[in-house]
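Working notes for the structure below.
2 protein chains.
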Amino acid sequence: MKALVYTDIEKVVYQDYEIPKIKSGESLIKISASGICGSDMHAYHGKDERRVPPLILGHEISGVVKEGKTIGQKVIINPLISCGDCEFCNLGSEHLCKSRALLGMNKPIVKEGGLAEFIAVPDTNLNNLPENLDINKAAISEPTAVSLHAVEIGEKNLSIPIIDAKILIIGGGAIGILSALIIEKIKKNNNLTLIEINEKRLKVCQNNLNSKVLLPNSKDLRINSFDLVIDAVGNDKTRQTAVQFAKPGSVIVHAGLTNSDGRFDFRKVTLQEISFIGTYCYTAKDFKQTINILKDGLIGDLNWIEYRELKDGAQAFKQIHDGTCAAPKIVLIP
Amino acid sequence: MKALVYTDIEKVVYQDYEIPKIKSGESLIKISASGICGSDMHAYHGKDERRVPPLILGHEISGVVKEGKTIGQKVIINPLISCGDCEFCNLGSEHLCKSRALLGMNKPIVKEGGLAEFIAVPDTNLNNLPENLDINKAAISEPTAVSLHAVEIGEKNLSIPIIDAKILIIGGGAIGILSALIIEKIKKNNNLTLIEINEKRLKVCQNNLNSKVLLPNSKDLRINSFDLVIDAVGNDKTRQTAVQFAKPGSVIVHAGLTNSDGRFDFRKVTLQEISFIGTYCYTAKDFKQTINILKDGLIGDLNWIEYRELKDGAQAFKQIHDGTCAAPKIVLIP
Chain A
1 MKALVYTDIE
11 KVVYQDYEIP
21 KIKSGESLIK
31 ISASGICGSD
41 MHAYHGKDER
51 RVPPLILGHE
61 ISGVVKEGKT
71 IGQKVIINPL
81 ISCGDCEFCN
91 LGSEHLCKSR
101 ALLGMNKPIV
111 KEGGLAEFIA
121 VPDTNLNNLP
131 ENLDINKAAI
141 SEPTAVSLHA
151 VEIGEKNLSI
161 PIIDAKILII
171 GGGAIGILSA
181 LIIEKIKKNN
191 NLTLIEINEK
201 RLKVCQNNLN
211 SKVLLPNSKD
221 LRINSFDLVI
231 DAVGNDKTRQ
241 TAVQFAKPGS
251 VIVHAGLTNS
261 DGRFDFRKVT
271 LQEISFIGTY
281 CYTAKDFKQT
291 INILKDGLIG
301 DLNWIEYREL
311 KDGAQAFKQI
321 HDGTCAAPKI
331 VLIP
Chain B
1001 MKALVYTDIE
1011 KVVYQDYEIP
1021 KIKSGESLIK
1031 ISASGICGSD
1041 MHAYHGKDER
1051 RVPPLILGHE
1061 ISGVVKEGKT
1071 IGQKVIINPL
1081 ISCGDCEFCN
1091 LGSEHLCKSR
1101 ALLGMNKPIV
1111 KEGGLAEFIA
1121 VPDTNLNNLP
1131 ENLDINKAAI
1141 SEPTAVSLHA
1151 VEIGEKNLSI
1161 PIIDAKILII
1171 GGGAIGILSA
1181 LIIEKIKKNN
1191 NLTLIEINEK
1201 RLKVCQNNLN
1211 SKVLLPNSKD
1221 LRINSFDLVI
1231 DAVGNDKTRQ
1241 TAVQFAKPGS
1251 VIVHAGLTNS
1261 DGRFDFRKVT
1271 LQEISFIGTY
1281 CYTAKDFKQT
1291 INILKDGLIG
1301 DLNWIEYREL
1311 KDGAQAFKQI
1321 HDGTCAAPKI
1331 VLIP
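In order, the protein sequence lines correspond to chains A and B. For the first sequence, my numbering begins at 1 and goes up steadily by one. For the second sequence, my numbering begins at 1001 and goes up steadily by one.
Here it is, written out as structure tokens:
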């Protein structure tokens, strides 16, 4: 098969690769569409210890069962593989399972990703594609589940109903815009602001959201004023921005992980009783709920997704890297 | 009157000082007992921008009304002064009021503290001393309210009942031991560990708690295993310890603020969905609940408090500073 292989720092190569072999309880999926995630970019920059070259990246995948129990079935893949029998899995928090693995990672165990023609996946990670959901759009399920999970962690920790909260989202990438769409269209909140530093991407967000979409240095932003801040970037600068704009008693949901260093205002977080909450992936329940959301078109037409051919994947990585790509999400079609 | 005045970095002087004048709505209190807080030590080290010399420190105060509406009434002072009419005060979160001030601070406004013979206090900050509560012990009300508030923030954010949680407290100072007593005796949790680096203080905690009391390097401590961690120190080292011992999905309550810098494992907090929550002071309701707790003797005999004369206050500050003081709390008697 053909695959886009991460071979070295800032290098992905479209090349021949062996078709994966399935084990008992797995299916071979012919991939229809596969998105590029921020965490794939993190790997591309050589900064993810869980994704080491050579490796096929990608974990936002839709496709058709080619070998396995349900040949011909169109599926959306939940890329999070958990043990199914620890205290976390038993409580429905599979994303906290100690032996969890994600497709497109090779530490602690090798699970080749979806930027390829085929992938082997445990049957328990397959979700049937609903009839009226486009199979290429369905690749957005995974980041939508991440966003739903992040928004609902914020909702759960707010002391007021989310519909009444003044909300800031930092970053207009996929998690940022998807969180914004969920907050606007599902949580029915009309007091949301999204900030984005890349003017091209800012435009795309403005065209697809009803909320305020601003540059981070906008004079319309007031410090200490937001009940909920979702940091969908997760670097030292955005964490500082999050704390700066957070109101006393507010909640910061840390939904990105671009870097893990840098200064942080522990003083304000303490004296103003701010909750800083990490969020990672989603539960299996979140994933199924997400598919229903997409099936019913609840977060819009998703026309901001840009589709490209897998063979042109190297250019996509490069453009995301150098900021010349406007789309919050590029999905590659093998 | 006599007062212990913070005159310079690492210097407090017992000296003559003008008796404060009361304004309308205030009472003059003849102080019975006044505790030294960790935040007073922070000021003593020249590290608190809100407490600048010259200043009378101290905000853990009991006494008797000398001038005012209720002359002769024995009182416990709630040292947190709030506006009473902002969105936070109206919701019962007076501790988040933007114009809040604390006795024993001089920024943003001057409020001389309780390490003196007399203090002027708004009548709304006076709580009558219950009959069967010793007036000197009553000075522990303020740190007990801080601890109750911190424990209940943890309780509120846990996904399991606090009685079932595996809990770690970092630091055996007043907030540490009081939080431990509240968790043991009021929350009825018997799965608590307290760690303390000072062996003298460790002994005092061991003598007054049923829980495990260990040195931080004890082999009995298991990383990634605690549902709730209360950091009652709040420096870069203890924050790292807190994250290290926190279980996936757990809660860290940051109840101290020794320093605001240093490294922090944002990666683990994110990938393991840990909630890091700042806590500061208490609400007026917490303060009243605390007085009832102390009145009913619910957290024990409090015999670990050490009482000294105010005139010897300089030595007390020095001994807390150099770690030769075993007691988690020194209360000074004018």
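Where a beta carbon is used, it is the ideal one built from N, C-alpha and C, also for glycine. Just so it is clear, the structure is predicted and the values come from calculations on it, not from any experiment.
Contact between A:Ala139 and A:Ala255 is absent: CB atoms are separated by about 19 Å, not below the 8 Å threshold. For A:Ile135, same chain residues with a beta-carbon under 7 Å away, outside a window of 5 residues either side, are Ser32, Ala33, Ser62, Lys74 and Leu129 in chain order. For chain A, none of the residues of the segment 1043-1077 of chain B brings a beta carbon within less than 7 Å of one of its beta carbons.
Contacts with chain B at 7 Å (Cβ-Cβ) include A:Ser260. In this structure, DSSP gives A:Ser82 a state outside helix and strand, which the three-state scheme calls coil.
Per the DSSP secondary-structure output, A:His42 pairs with nothing in a beta bridge. For B:Lys1166, the closest alpha carbon among the candidates B:Asn1191, B:Asp1301, B:Ser1159 and B:Glu1184 is that of B:Asn1191. The C-alpha of A:Arg308 is placed about 58 Å away from the C-alpha of B:Ser1082.
A:Asn292 counts as exposed, since fewer than 16 other beta carbons sit within 10 angstroms of its beta carbon. Non-local C-beta neighbours of A:Val13 in its own chain, meaning closer than 8 Å and more than five positions away in sequence, comprise Leu4, Val5, Thr7 and Ala314, ordered along the chain. When only Cα atoms are considered, A:Gly323 and A:Asn198 end up about 7 Å apart. In this model, B:Ala1120 and B:Pro1143 are separated by some 20 Å (Cα to Cα). For A:Glu273, the nearest beta carbon of chain B is closer than 7 Å to its own beta carbon. In the displayed model, B:Val1064 falls within a strand according to three-state DSSP. Per DSSP, the continuous alpha helix (DSSP H) segment holding B:Asp1286 begins and ends at Ala1284 to Lys1295. For A:Lys11, there are no CB contacts under 7 Å within the same chain when 5 residues up- and downstream are skipped.
Contact check for A:Leu228 and A:Leu158: beta-carbon distance about 6 Å, within the 8 Å limit, so the pair qualifies.
In the DSSP assignment, A:Leu148 falls within the unbroken alpha helix (DSSP H) covering Ser141 to Asn157. Taking 7 Å as the threshold, the shortest C-beta distance from A:Leu96 to chain B falls below it. Nearest CB-CB separation between A:Pro143 and chain B: not below the 7 Å threshold.
B:Asn1106 is the residue among B:Asn1106, B:Leu1215, B:Tyr1017 and B:Leu1181 whose C-alpha sits nearest the C-alpha of B:Arg1050. Per DSSP, the continuous alpha helix (DSSP H) segment holding A:Phe88 begins and ends at Glu87 to Asn90. B:Asn1210 counts as exposed, since fewer than 16 other C-beta atoms from the protein chains shown sit within 10 angstroms of its C-beta.
For B:Glu1306, the beta-bridge partners assigned by DSSP are B:Ile1330. Listed in chain order, the positions of the segment 1001-1023 of chain B with a beta carbon within less than 8 Å of a beta carbon of chain A would be empty, since no residue qualifies.
In the DSSP secondary-structure assignment, B:Glu1026 is bridged to B:Pro1122. B:Glu1087 is classed as exposed because its beta carbon has fewer than 16 other beta carbons within 10 Å across all chains shown.
DSSP, reduced to helix, strand and coil, places A:Gln240 within a helical segment of the structure shown.
Neighbours of B:Phe1226 in chain A, taken as residues whose beta carbon is under 7 Å from its own, are absent, since the nearest beta carbon is some 14 Å off. Listed along chain A, no residue sits closer than 8 Å to B:Arg1308 by beta-carbon distance, the nearest being about 29 Å off. Taking a C-beta cut-off of 7 Å against chain B, the contacting residues of the segment 242-261 of chain A are Pro248, Gly249, His254, Leu257 and Ser260, listed in chain order. The segment 1228-1241 of chain B and the segment 1257-1269 of chain B touch, with no fewer than 3 CB-CB distances between them shorter than 8 Å. Judged by DSSP in its simplified three-state form, A:Gly278 adopts strand.
Secondary-structure assignment with DSSP links B:Ile1197 through no beta bridge to anything.
Beta-bridge annotation (DSSP): A:Asp8 is paired with A:Lys11. A:Gln272 sits buried, since 16 or more C-beta atoms from the chains shown fall within 10 Å of its C-beta.
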